[in-house]
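Read top to bottom, the protein sequences are chains A and B. The working numbering numbers the first residue of the first sequence as 1 and each following residue consecutively. The working numbering numbers the first residue of the second sequence as 1 and each following residue consecutively. We treat Cβ as the ideally placed atom computed from N, Cα and C, and that holds for glycine. Structure first, then comments.
Protein chains: 2
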Amino acid sequence: MPETVNRQVLLAARPEGAPRESDFDLAEGPVPGPGEGEVLCRTIHLSLDPYMRGRMSDAKSYAKPVEIGQVMEGGAVSQVVGSKLSGFAPGDIVFGYTGWQDYALSDGRGLRKIDPALAPVSTALGVLGMPGMTAYTGLLNIGRPKEGETLVVAAASGAVGSVVGQIGKIKGCRAVGVAGSAEKCKFVVEELGFDACLNHRDPDFAEQLAVACPDGIDIYYENVGGAVFQAVLPLFNFFARMPVCGLIAQYNATELPPGPNQIPLLMRAVLTKRLSIRGFIVWDFADQQAEFVDHVNGWIREGRLKYREDFVDGLENAPQAFMGLLQGKNFGKLVVRVSPDPTG
Amino acid sequence: MPETVNRQVLLAARPEGAPRESDFDLAEGPVPGPGEGEVLCRTIHLSLDPYMRGRMSDAKSYAKPVEIGQVMEGGAVSQVVGSKLSGFAPGDIVFGYTGWQDYALSDGRGLRKIDPALAPVSTALGVLGMPGMTAYTGLLNIGRPKEGETLVVAAASGAVGSVVGQIGKIKGCRAVGVAGSAEKCKFVVEELGFDACLNHRDPDFAEQLAVACPDGIDIYYENVGGAVFQAVLPLFNFFARMPVCGLIAQYNATELPPGPNQIPLLMRAVLTKRLSIRGFIVWDFADQQAEFVDHVNGWIREGRLKYREDFVDGLENAPQAFMGLLQGKNFGKLVVRVSPDPTG
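See below:
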């Protein structure tokens, strides 16, 4: 496949509120050749994840923003098509943060070979990748689930939430999911085996949550924020834990919600119920990667942990798919098929 | 001293907002005689502490409220004046939650003998008692101070904050206090040895705090809430820790502050800075009591840890003193002298 054109999705403008098509630019350029010590990768699967919204903004955060005119940041599964770097050979399947583009050069830093015999290679972006590891490390290190406890998981059909709840079940918890449609809720209960799943769009969602958690909530795995958190807060038990890895419901917000200021309510709950709230990103637990892959892959093979992927075809559709992700339009881990998967 | 009258401060009404005189009742009754298995204690020093505001309210909390007509709850140092319980003899000095009264019967549960040779017995209510242990356990278990880090302490001249900052200094931190008057700030820096102390009533308090913390804030020991917390939030470093043991600034509030709702701001900081926020009460660390007394008493003897007590004379003045405590009118650990100290 002698390709000559490299398409790239660039950040054209910093979004105000929800990103729009005009915040992205589809550029074309030549496919670069690898220099000494470099690898040329052809993207197979591009991962789309909520954290990318943060990279589009220049508000201070834990990572640098993408600059205007730069290729959008993203993890991808690729095939090596040219290599002047020892350890990598054409044909290798690799994972790396190679961005929203058809081809990428890499000096090998952050590039990791993937064994296609282990699992479908797209899972390196989801259940066996960053989202799965976010679920695993946040739940086990911060949530510290104990048998018989109640675990509530937002975005329960998504890449992270689906894994959180299933690991919670494996650890003996009651798992209550929250999702954005009846169809997603059905999947979460019937396919993933959660004990219950509630639609946060239902007007009586808070009441439903109280009914679904008759013994209160011991762990709330926070990846959305907003209304779900507000409904969870009064249900916390003493010594409840709240890992915070995402706040997708507020990423597009351009202003704070109307008053009153509810921080005193939150802090009162923290004090009187002795809550633990802790933010993290997956790389805070980088040393647990091998253990994570080992455990989660084992659970998948035993049929105890399932995953769902939502494929979109074509790099040119990545911006639209990403905008939908921020509104919960995806159903499962969102992956863009950029080129045919030679292993599938 | 054959006393015949037992005065008791009762909860007369649940306060709306700040407590008033009329929320308390000073009642008189006979001094009871100890039955089999009981001890009669005469109160020497009564402790007044912010948590008591919570006991006056029937909002759900970690402890039951005082009922209307009941004796106000409180820890006190007392002398045993009659005993039909083995292990306690007249003349013993004891600590117990014997309440706002001249005399109290106890079945011995929660009653602990105090050695007057160790330190002035009033310290069992402050630096060597519940407030000191709150400081010690919260800072060391949740704050986890490391050499060179910046620790901010609210209510820095108070019973808890003064100990927090001094232990922080012993552990090698930069200690920045916050207090409610220039006189208190002077004491905190000159007597207690904090690196800086700021008056939260100054209009440019937030700017002063930023200047006093040039390397950001690694630990904020939260015992007041409100405006101090708002000024601290933007200064947190990555992986900062926030033990929460009190929120005195909001105890008397009858409504939430005006909007916008700043919870999304707080949660964004939790996520992007990977903050840890954890509420606790001292008894969550009950097994560390011996270690606490040992360490803090050692530091006092070495001259590395100082304390200040604010004495008020007369049980009848306890309500007024308590109302002042909630407004920060005390200067040091607030103690009511109920009867002469036979050890002093």
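Under 6 Å Cβ to Cβ from Asp92(A), same chain only, skipping five residues before and after it: list those, please.
Val80 and Lys113
Using a Cβ cut-off of 8 Å, pull out every chain B residue sitting near Tyr220(A), in sequence order please.
Within chain B, no residue comes near Tyr220(A); the closest Cβ sits about 12 Å away, beyond 8 Å.
In the DSSP output, what is Ser47(B) paired with across the bridge?
Val335(B)
Should Leu140(A) be flagged as near chain B, meaning a C-beta pair shorter than 8 Å?
no
Using C-beta distances below 8 Å, list every residue in its chain close to Gln70(A), excluding the 5 sequence neighbours before and after it, in chain order.
Leu10 and Leu11
Assign Asp58(A) to buried or exposed, taking buried as 16 or more other Cβ atoms, counted over all protein chains shown, within 10 Å of its Cβ.
exposed
Best match in Lys329(B), Leu235(B) and Ser339(B) for proximity to Leu315(B) [C-alpha to C-alpha]
Ser339(B)
Closer than 9 Å, Cβ to Cβ, to anything on chain B: give me those residues from the region 262–276 of chain A, in chain order.
Gln262, Ile263, Pro264, Leu265, Leu266, Met267, Arg268, Ala269, Val270, Leu271, Thr272, Lys273, Arg274, Leu275 and Ser276
Secondary structure at Leu26(A), three-state DSSP: helix, strand or coil?
strand
Taking 8 Å as the threshold (beta carbon to beta carbon), is Val244(A) in contact with chain B?
yes
Nearest chain A C-beta to Lys250(B) closer than 8 Å, yes or no?
Here residue 250(B) is Gln; the residue named in the question, Lys, does not match the sequence. Closer than 8 Å to some Cβ of chain A, the Cβ of Gln250(B) qualifies, so yes.
Report the option in Asp218(A), Ala196(A) and Glu222(A) whose CA atom is closest to the CA atom of Val211(A).
Ala196(A)
Determine the chain B residues that contact Met109(A) at a beta-carbon separation under 8 Å, and present them in chain order.
According to the sequence shown, residue 109(A) is Arg rather than Met. None at all; the shortest Cβ gap to chain B is about 22 Å.
Please classify Pro342(A) as buried or exposed, where buried requires at least 16 other C-beta atoms within 10 Å of its C-beta.
exposed
Should Phe187(A) go down as buried or exposed, given a rule of 16 or more other Cβ atoms within 10 Å for buried?
buried
Would Met1(A) be called buried (16 or more neighbouring beta carbons within 10 Å of its own) or exposed?
Residue placement at Met1(A) cannot be trusted, given a pLDDT of 45 that sits under 50; what the coordinates show is reported in the next sentence. Label assigned to Met1(A): exposed.
CB contact flag (Ala159(A), Gly193(A), <8 Å):
no
Please report whether the beta-carbon of Pro90(B) lies at a distance below 8 Å from any beta-carbon of chain A.
no
What does Gly259(A) reach in chain B if we use C-beta pairs closer than 8 Å?
Leu256, Pro257, Pro258, Gly259, Pro260 and Asn261
What is the DSSP secondary structure of Leu11(A), reduced to helix, strand or coil?
strand
Can you give me the Cβ contacts of Tyr136(A) inside the same chain, cut-off strictly under 8 Å, excluding the 5 residues immediately before and after it?
Val163, Ile167, Gln288, Phe292, His295 and Val296
With a threshold of 8 Å between beta-carbons, can Ala231(A) be considered close to chain B, or not?
no
Closest by C-alpha distance to Met133(A), when choosing among Glu309(A), Gln230(A), Gly87(A) and Ala290(A):
Ala290(A)
Please confirm if Ala159(A) has its CB atom under 8 Å from at least one CB of chain B.
no
Is the region 171–186 of chain B touching the region 141–154 of chain B in the sense that three or more CB pairs, one from each, lie closer than 8 Å?
yes
Could you tell me whether any Cβ in chain A is nearer than 8 Å to the Cβ of Leu247(B)?
yes
Could you tell me which chain A residues have their CB closer than 7 Å to the CB of Ser61(B), listed as they occur along the chain?
Thr272
I'd like to know whether the C-beta of Phe280(A) is nearer than 8 Å to at least one C-beta of chain B.
yes
Is the beta carbon of Asn199(B) closer than 8 Å to that of Ala155(B)?
no
When Cβ atoms are compared, which residues of the region 283–302 of chain A fall closer than 7 Å to chain B?
Asp284
Could you compute how far the alpha carbon of Arg14(B) sits from the alpha carbon of Asp23(B)?
6 Å
The alpha helix (DSSP H) that contains Cys185(A), what's its start and end?
Ala182 to Glu190
Look at the alpha carbon of Gly332(A) and the alpha carbon of Arg20(A), and state the distance between them as a whole number of angstroms.
22 Å
Where Ala253(B) meets chain A, residues with beta-carbon distance less than 7 Å
Pro264
Any chance you could list the beta strand (DSSP E) runs of at least 3 consecutive residues sitting entirely within the region 42–87 of chain B, in chain order?
76–83
Using a cut-off of 8 Å between C-beta atoms, extract the partners of Gly126(B) located in chain A.
Near Gly126(B) there are no residues of chain A at all, since even the closest Cβ is about 21 Å away, more than 8 Å.
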